Amino acid sequence: MWLVELLQLDKWKSWSARRTIFRCWLAAWLCALAILIRPLEKTAGQAAFLPLIFIFIKPPSEPTPVFVTQSLFAGVVILATWAWCTLGMKFALLARNHAKDQAILQRLSITVLQHDPHATPAEIEAQLSAEIFKGAFLQLRSSVVWAFFFFLGTYALFLIRAYNVRLFFVMTFSLILLLIQATIAPLVPQFYAIQLSSIYLIPYSYYLAITLFCSIFVFPTSVASTTMEGLAASTRTALTVQALSPEKIRAMEKDEIAAAVEKHAAVRAGGVSLFDSMQFTVPWLGHEISVGKASGKDVKRLFYRTRAMSMKAGALTIFLKHAAYRKKHAVDEKIAPSDSSNISLSLDTLFEDLTNSTSEYFAAIIQGIQALHDFYERQSRWDAGVVSIFRSTNDVAGLQSSLDQIDEASRAEKRGLLSSGLNHKRDGETPPSYLHELYLAFLDRVVEDLRAALRLAMEIDGRKGRIWWPGAQKSYASSDEKENAENDAHGHGLLGALGGGEDVPSGEDNPDVIDGVAPTAPTSLELPAPAKPSNIIPSDTVDERPAENLGTRVYKIFAWFLRSESLFALKIAFLAVALACPAWITNNGTASFYYREKGLWVLVTAMTSKGMYSSDTTYGFLQRVIGCVLGGVIGMVMWYISAGNGRGNAYGLAAVFAVVLLFGIPYRIWSSNFLLAVTCTTTAALVVGYSWMDETIPVLGNPGVGYQIFWKRTLLVLIGLTAAFIADLLPKPKFGREELRRSYSVITLELGAVTAAILRRVTLAENDEPTAQATPNMIATELKVLAIYNKLRLSSMRIMLGRFEPSIRKKWSAAHYLSLQSTLFDISDSLAVLAVACEAMTPEENAVFNASSAMKLDQIHAMLNIFHAASSALATQRPLPHMLPSPYHVVSTKPNPSLDTELAVVLGPQSSHTLIIAEGTLIVLAKLSERLAQQCQVLFGTTFVIPV
3 MWLVELLQLD KWKSWSARRT IFRCWLAAWL CALAILIRPL EKTAGQAAFL PLIFIFIKPP
63 SEPTPVFVTQ SLFAGVVILA TWAWCTLGMK FALLARNHAK DQAILQRLSI TVLQHDPHAT
123 PAEIEAQLSA EIFKGAFLQL RSSVVWAFFF FLGTYALFLI RAYNVRLFFV MTFSLILLLI
183 QATIAPLVPQ FYAIQLSSIY LIPYSYYLAI TLFCSIFVFP TSVASTTMEG LAASTRTALT
243 VQALSPEKIR AMEKDEIAAA VEKHAAVRAG GVSLFDSMQF TVPWLGHEIS VGKASGKDVK
303 RLFYRTRAMS MKAGALTIFL KHAAYRKKHA VDEKIAPSDS SNISLSLDTL FEDLTNSTSE
363 YFAAIIQGIQ ALHDFYERQS RWDAGVVSIF RSTNDVAGLQ SSLDQIDEAS RAEKRGLLSS
423 GLNHKRDGET PPSYLHELYL AFLDRVVEDL RAALRLAMEI DGRKGRIWWP GAQKSYASSD
483 EKENAENDAH GHGLLGALGG GEDVPSGEDN PDVIDGVAPT APTSLELPAP AKPSNIIPSD
543 TVDERPAENL GTRVYKIFAW FLRSESLFAL KIAFLAVALA CPAWITNNGT ASFYYREKGL
603 WVLVTAMTSK GMYSSDTTYG FLQRVIGCVL GGVIGMVMWY ISAGNGRGNA YGLAAVFAVV
663 LLFGIPYRIW SSNFLLAVTC TTTAALVVGY SWMDETIPVL GNPGVGYQIF WKRTLLVLIG
723 LTAAFIADLL PKPKFGREEL RRSYSVITLE LGAVTAAILR RVTLAENDEP TAQATPNMIA
783 TELKVLAIYN KLRLSSMRIM LGRFEPSIRK KWSAAHYLSL QSTLFDISDS LAVLAVACEA
843 MTPEENAVFN ASSAMKLDQI HAMLNIFHAA SSALATQRPL PHMLPSPYHV VSTKPNPSLD
903 TELAVVLGPQ SSHTLIIAEG TLIVLAKLSE RLAQQCQVLF GTTFVIPV
């Protein structure tokens, strides 16, 4: 049901999720009570509702060490902002004309006494306060000083957001303090006693005390247990592969296979997204206090092994797509290799063969994944750590049984054609079948990581629980070089992990950068010539460049200010000063209007809704409008249920908050739409908070109650969003379609670099170059492919947003970009398979592979040339050359030959399984590169011809 999915009600089924919900619910309810309890509200003043806003911006949903560290980091930034504002206040006061302030004060006092000769000092002060917020004491020099400090402060804060969008909450918290200071301080003369900092710092201290208390003392969680929960979810997702056994695929119709391909792609994307969110908390493992059987480093090893197992899904994706294609087009051929008779390779025969040879093996793998999932579930229980200290409970026997069954099923007599591993020789009667070998290789590679994970799980489960202290955690592990290489090849440091694993605005990814991948130069798309081994340049050769002169350094500094991150912060800073100017203008009533009509809401909305890229701003515009309307309606319902026609009831509001937060907290924490969830919940809190304070703390410019706040909030949000949208178009509009092209240009170039790196490894091995570091390099290559896959996954949002942008020169087709995205997905999956195959080659197979027709250098160079040309075309919007050398040479005389037909001609029946996979994947890559070039030309409306 859509409502269950929207409100994340299914999370209540999980005990660990219920712990998080209760912790965040209690924190949010206590923040609501901070408004309703009169002494606390009076102390906080006119911004007493801020704790309730803060709790929806950043609830204590992260693991305890992560949230505590985040809070400390946010506190440091807020204190730095406060110090900057204090410095600005000092310089602004020095710039003021104090004699003029005294003259205005005397004139106001005389006016009050003339109107009421018996006016008390309190009445005079009240009138003075009203005149201050009408702008009576504004001075140009003081406003200019504040504009300068406001500009620089905004620039610095938005650089934090630009470089780490997961620190969005740090920027927002500090920004609110800066806005309050910069818009109110210019109004206030030196003699007027007002503590501007307390308007913000006291409510923030309420929020900080409540959230830290709940995070530390109310069901505290460690990063280790949270990671175990994520691994349990990932293995639960992996179990869906049992619906894709050869026996079940064989019984599917062509439409059912196509649906299975789409479903598998969606499940796989969800799994990649899960690991992507977990990797931001993995660096914390080993640096926290945790209780249980597994140390933080053990959990980290389990994370890498489980992720490595999921990375092999690319082979299954290729298998399903080829099977769907052959089922749809009814490909059923007779192949006649040079030394065998005609043998049928129909799809039914293929699936029958796979069913007979892998049924027990497949069932053993599913049982192993289930056992691993059960282990993760046990270790992630909230009481598992403490209980394991006093009572030894385990299921080592179950894990061992699953491991034994996998070992038994992987033996040659149980699998018919294969034993474990990739390097096996076929009999002389069986023709090569790429899909057959690809599926078996997929199972073998999954088993390799599954075995390692099960062995580590057995070792952990057999221990007694203990307390693991930071810095003293040891991993009971073997010297697994591949695992250590993966550990070193990827990951975020603690500073990069400060944002935690919470979802952030989904469109906010830099089109010019792939997260975790260093930029590639076009020269990386080159192969060494095998005939001249002396000319081979190792990839790790140090490039000794001359020292930079002063001019070069100045140029680099200037170039840094022109980078996307800096330009984004500069745009926001100029926008902020422009929108704050009405609060600083004297003698025309704009300051009075600004504060009475809550112009600060426009400023906050405009600054926080401007994205780094145009598509982000467009996405934020839509989501914030929807969230503002929904949140306003919810806030009005909450207010009128508790207050009716009255002025509010503290007990009624407390009860309403207690009920509504039970649904609002899960929605806020786990909603896939971060912007919509934050805007909706904060708007509801704003409507209720201002409605309550309209009676309890009446101040100048209170917006009213209920619907009065709702329509004013909606109007001001629309004004702020419009300002952000206009600022996004200046000085030069940057459309999301352009960013999509740039993103695909970078991805295409990186795919070419990965292709060159894999084939370079094979070429270097053929030329007797040292290959001791080949395994770590291939692991890094697989991780690079995973990062590219994740980048492609994120680009789906940009394709969707491109539909809403106007077409200026010609009609823009989202279908063409979806087709290009699909091709890039297929290339990345094929490269992952090729990397695995090249890694498993023996020296003899390596020599045969280098001598094969698929590895002809002219064809490889043609393929890399297409990657480079396609990347350039996507970056510049210029067509490719009309004639390009083809990376694919048809080797069969039959029209549209199947891949197995080509392999039978090229390899023959005696080729090893590794060579079949490597040769077949290289042929697939050649065809995909041709398709890539054709699609790039279609995007720019020209005709493309590839000579055969």
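For any residue, its number in our numbering is found by taking its place in the sequence shown, counting from 1, and adding 2.
All C-beta atoms, glycine included, are put in the ideal place defined by N, C-alpha and C.
No experiment lies behind these values; they were computed from the predicted model shown.
If the five residues before and after A386 are omitted, its C-beta is found closer than 7 angstroms to the C-beta atoms of G294, R380, all from its own chain and listed in chain order.
In the three-state scheme derived from DSSP, where H, G and I count as helix and E and B as strand, M254 is classed as coil. DSSP places R468 in the strand class (E or B) of the three-state scheme. Excluding residues up to 5 positions away in sequence, A262 lie with their Cβ nearer than 7 angstroms to the Cβ of M254 in the same chain. Counting only unbroken stretches of 4 or more residues, the alpha helix (DSSP H) elements lying wholly within the segment 5-81 are 17-38, 40-46, 52-59, in sequence order. The C-alpha of S693 lies about 11 angstroms from the C-alpha of N651. At a Cβ-Cβ threshold of 7 angstroms, T750 and A837 do not count as neighbours. Taking a cut-off of 8 angstroms on C-beta distances, the segment 174-182 touches the segment 146-164, as three or more cross pairs fall below it.
Listed in chain order, the non-local C-beta contacts of G654 below 6 angstroms within the same chain comprise S644, local neighbours out to five positions each way being set aside. Setting aside the 5 residues that flank it on each side, N675 is surrounded in the same chain by Q625, each with a C-beta closer than 7 angstroms to its C-beta; the list follows chain order. If you compare the alpha carbons of P881, I628, F151 with that of A582, the shortest gap goes to F151. Around the beta-carbon of K92, fewer than 16 other beta-carbon atoms lie within 10 Å, marking it exposed. Looking at the DSSP output, G294 sits in a beta bridge with R468. Secondary structure note for K858: it is in no alpha helix (DSSP H), with a DSSP letter that is neither H nor E. Bridge partners of M91 according to DSSP: none are assigned.
Nearest neighbour of T684 by Cα position, chosen from R649, V850, G370, L54, turns out to be L54. A residue is called buried when at least 16 other Cβ atoms come within 10 angstroms of its Cβ; L180 meets this threshold and is buried. Per DSSP, G400 is one residue of the alpha helix (DSSP H) stretching across 398-411. At the C-beta level, G634 and V689 come within 7 angstroms of one another. Annotation: the continuous alpha helix (DSSP H) that includes M638 extends over 616-645. When only Cα atoms are considered, I516 and R743 end up about 14 angstroms apart.
In the three-state reduction of the DSSP assignment, M885 falls in the strand class, which pools E and B.
Around the C-beta of G591, fewer than 16 other C-beta atoms lie within 10 Å, and the residue is accordingly described as exposed. Non-local C-beta neighbours of R933 in its own chain, meaning closer than 6 angstroms and more than five positions away in sequence, comprise T825, ordered along the chain. About 6 angstroms separates the beta carbons of K786 and V756, which is inside the 8 angstroms limit, making them a contact pair. For the 7 angstroms CB-CB criterion, N396 and G464 form a contact.
F665 sits close to L9, with the two beta carbons spaced by under 7 angstroms. The alpha-carbon separation between F563 and K612 amounts to approximately 18 angstroms. Between I201 and G47, the C-beta spacing is below 7 angstroms.
Contact annotation: V604 and L731 have beta-carbon atoms that are not nearer than 7 angstroms.
Counting only the Cα atoms, L203 lies some 11 angstroms from T83. W471 is classed as exposed because its beta carbon has fewer than 16 other beta carbons within 10 Å across all chains shown. Going by C-alpha positions, A187 is about 7 angstroms away from L198. In the structure shown, M843 adopts coil according to DSSP, grouped into three states. Going by beta carbons, E847 and T916 fall inside the 7 angstroms limit. Residues of the same chain with a CB within less than 7 angstroms of the CB of R805, apart from the 5 flanking positions on each side, are A816 in chain order.
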